[in-house]
Amino acid sequence: MKNIRYQIKVTLKGIRPPIWRRLLLPADCTMDALHCAIQTSMGWCDEHLYAFRTQNRRIEIPDPDGMWDSSWSNSPKPEDSAAIRFSDVAKTGDKITYEYDFGDGWEHTILIEKTIKTDDISARKAECLKGKRACPPEDCGGPWGYQNLLEILAMPEHKRGENEKEFAAWIGHNWDAEDFDLNEVNQALSKWKLDQNSYMYEGICG
């Protein structure tokens, strides 16, 4: 799979109008590398845990304490995201779920739109083709908290209560929910590199 890239569309669930990114990336990259590519293209800061889910698999950072036990969990035993390749999890037309920040519960749908064969060096790179809207701020409370934030920002300042003023001040005056800069995203993704085993070795998250 070294000369194959997947074209994928990553869409944040529960948000309207939708927030999404369309990416090209090596099909044989690890799921941990996929996590980092999504973090960078969406605009997250990689401050929380994550997991990928299919119908019968759960892939995430391994549990350092080995706490998972089949006697109390109905979920599949978690697999190490640094040891599983994207091409082993999904093929063209499949959808998988990516959850980031289990507290806020940001769920994304990953649709594998097409498989592209290439002999070019670009096969080892990640690229964003298109996207819409800014990523919600970290720790804003999930889809419900994000919607509440938008309502506060749309409110005239003189009508905001103390809590609403604090929330607006926390996000800052320059944040724009519609902002998406394709060039900026691709500049960040240009730092995305893989070693010979397709593990990411230069961090790009945030």
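Be aware that the sequence shown starts at 826, since it is given in this note's numbering, and climbs by one per residue.
Beta carbons are placed, not taken as given, at the ideal position from N, Cα and C, and that holds for glycine.
Nothing here was measured: the structure is a model prediction, and the numbers come from that model.
**Prompt:** Can you tell me where the beta strand (DSSP E) with I829 in it begins and where it stops?
**Reply:** The sequence position of residue 829 within the sequence shown is 4, counting from 1. Residues 829 to 837.
**Message:** Tell me the rounded alpha-carbon separation between P968 and T940.
**Reply:** The sequence position of residue 968 within the sequence shown is 143, counting from 1. The sequence position of residue 940 within the sequence shown is 115, counting from 1. Straight-line Cα distance between these residues: approximately 31 Å.
**Request:** Have a look at the DSSP bridge pairing and note the partners of F927.
**Result:** Looking up residue 927 in the sequence shown gives position 102. According to DSSP, which records beta bridges pairwise, F927 is partnered with nothing at all.
**Request:** Could you check which residue in C953, A1002, I844 has the C-alpha nearest to that of A1013?
**Result:** Mapped onto the sequence shown, residue 1013 falls at position 188. Ranking C953, A1002, I844 by Cα distance to A1013 puts C953 first.
**Asked** Does the distance from the C-beta atom of P842 to that of R958 stay below 9 Å?
**Response** For the purposes of this step, residue 842 is taken as the residue at position 17 of the sequence shown. For the purposes of this step, residue 958 is taken as the residue at position 133 of the sequence shown. The answer is yes: Cβ separation under 9 Å.
**Request:** Have a look at A993, H983, Y923 and flag the residue whose alpha-carbon is nearest the alpha-carbon of G1036.
**Result:** Residue coverage of the chain in this structure runs from 826 to 1031, which leaves residue 1036 outside it and unanswerable.
**Asked** So what's F877 in DSSP terms, helix, strand or just coil?
**Response** Along the sequence shown, one-based indexing puts residue 877 at 52. Note: F877 maps to strand in three-state DSSP.
**Item:** Candidates H983, R846, N999, of which the one nearest W869 by Cα
**Value:** Stepping through the sequence shown from its first residue, residue 869 is reached at position 44. Of H983, R846, N999, the residue nearest in Cα terms is R846.
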